[in-house]
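The letter at position 164 of the first sequence is residue 446 when you use this note's numbering, and the numbering goes up by one with no holes.
For every residue, glycine included, the Cβ atom is placed at its ideal position computed from N, Cα and C.
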Amino acid sequence: MKTDLIYEQQGNNVVIFNVFPFDLEQTLDCGQSFRWCRVSDNTWQGVAHGRIMKIAYNEGSLTLFNTNTDEFNKIWRGYFDLDRDYAQIIETIKSDRVLTKAVEYAGGIRVLRQDPWETLCSFIISQNNNIKRIKGIIQRLCMHFGEQIGEGFYTFPAPEHLAKLTAGDLSPIKCGFRAKYILDAAQKVAEGRVDIYNLHKLPITKARERLMAIYGVGPKVADCTLLFGCGFIEAFPQDVWIKRAMKVLFDGSLPDVAKPYAGIVQQYIFHYARITKLEI
DNA sequence: AGCCAGGGTCTGC
DNA sequence: GCAGACCATGGC
Numbered sequence: 283m284k285t286d287l288i289y290e291q292q293g294n295n296v297v298i299f300n301v302f303p304f305d306l307e308q309t310l311d312c313g314q315s316f317r318w319c320r321v322s323d324n325t326w327q328g329v330a331h332g333r334i335m336k337i338a339y340n341e342g343s344l345t346l347f348n349t350n351t352d353e354f355n356k357i358w359r360g361y362f363d364l365d366r367d368y369a370q371i372i373e374t375i376k377s378d379r380v381l382t383k384a385v386e387y388a389g390g391i392r393v394l395r396q397d398p399w400e401t402l403c404s405f406i407i408s409q410n411n412n413i414k415r416i417k418g419i420i421q422r423l424c425m426h427f428g429e430q431i432g433e434g435f436y437t438f439p440a441p442e443h444l445a446k447l448t449a450g451d452l453s454p455i456k457c458g459f460r461a462k463y464i465l466d467a468a469q470k471v472a473e474g475r476v477d478i479y480n481l482h483k484l485p486i487t488k489a490r491e492r493l494m495a496i497y498g499v500g501p502k503v504a505d506c507t508l509l510f511g512c513g514f515i516e517a518f519p520q521d522v523w524i525k526r527a528m529k530v531l532f533d534g535s536l537p538d539v540a541k542p543y544a545g546i547v548q549q550y551i552f553h554y555a556r557i558t559k560l561e562i
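Spelled out as structure tokens, the structure:
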């Protein structure tokens, strides 16, 4: 059973105690989010939900800088998925031998609960692309069309803003053929044809259908949005690595114990597959 | 230099 | 339904 979070205000910071397992690099630099940078050994900085955040982790203590308990409870607690008992999930899936192995590669990862629009747009940009360039495109998108909230920090542009642009307007961000996809997504979200902030209230199959009605959104981008942006922990995005891993390691389908947490397990398998290249 | 990147669409069987 | 060409761009 999960015990309540223990946290307190310390000056301008909020500190959360006894957070296990947790790893900032695994969580913030694993390809689920594209706007965080390491600023020192255990400290990372980024923009999420329209705010600049700096965060550090040391031996079970998580420090969120320049915030308060109100904002922590409203935003960051959910963003970092701190109320989910990862230790218990890991314990459960360890009844499977292959999953036990997979957890060893990124057991400190948290599935972030990001802004759904930012998630959708980011994973549209991710298609047939590499993580370095995805980050560059998103940074340029924010610099050109977001709102400046600090020196070098910009919000993610609102769909209503992007909906007014043309593909030509997007050329400075160099997103290539994805421009038309971004615009269609922005328009459908801005008009409310895709009610992205209420998708989490729908059954997952309905939510996926809505997302896939957007030009350029297929099953992979939809599932990443559902998992990283809408809180559907059972979503299971399948990229080339996961597909390969499913064949090689699991004979096609996930063990039943893992299914309630498929999205989290997907992250473990993803890292396992990429690090080992499945040449075992 | 050439292959590939956390895919999706469109076309042609 | 399913395979294959094509899509912009740049990292490695």
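Margin query: By the three-class DSSP mapping on this structure, what secondary structure does Glu491 have?
Written below: helix
Margin query: What does the alpha-carbon distance come out to for the pair Lys462 and Glu400?
Written below: 16 Å
Checklist line | Coil, strand or helix - Ser377 by DSSP | finding: coil
Notebook entry, point to check: Between which two residues does the alpha helix (DSSP H) carrying Cys403 extend?
Noted result: Pro398 to Ser408
Check: Can Gly389 and Ile372 be called in contact, C-beta distance under 8 Å?
Finding: yes
Next item on the list: Take Val321 and list the residues in its own chain whose beta-carbon comes closer than 8 Å to its own, dropping the five residues that flank it on each side.
Entry: Gln327 and Lys336
Notebook entry, point to check: Starting from Trp523 and walking both ways along the alpha helix (DSSP H), at which residues does that stretch end?
Noted result: Val522 to Phe532
Next item on the list: Could you check if Ser535 is buried or exposed, using at least 16 other CB atoms within 10 Å of its CB as the buried criterion?
Entry: exposed
Check: Is Phe532 closer than 8 Å to Val380 when the C-beta atoms are compared?
Finding: yes
Notebook entry, point to check: Shortest alpha-carbon distance to Ile546 belongs to which of Arg333, Phe302, Val385 and Asn355?
Noted result: Val385
Notebook entry, point to check: For Arg395, does the count of other Cβ atoms within 10 angstroms reach 16, so buried, or fall short, so exposed?
Noted result: buried
Next item on the list: Report all residues from its chain with a CB closer than 8 Å to the CB of Ile288; omit the five preceding and five following residues, and keep chain order.
Entry: Ile298, Phe299 and Asn300
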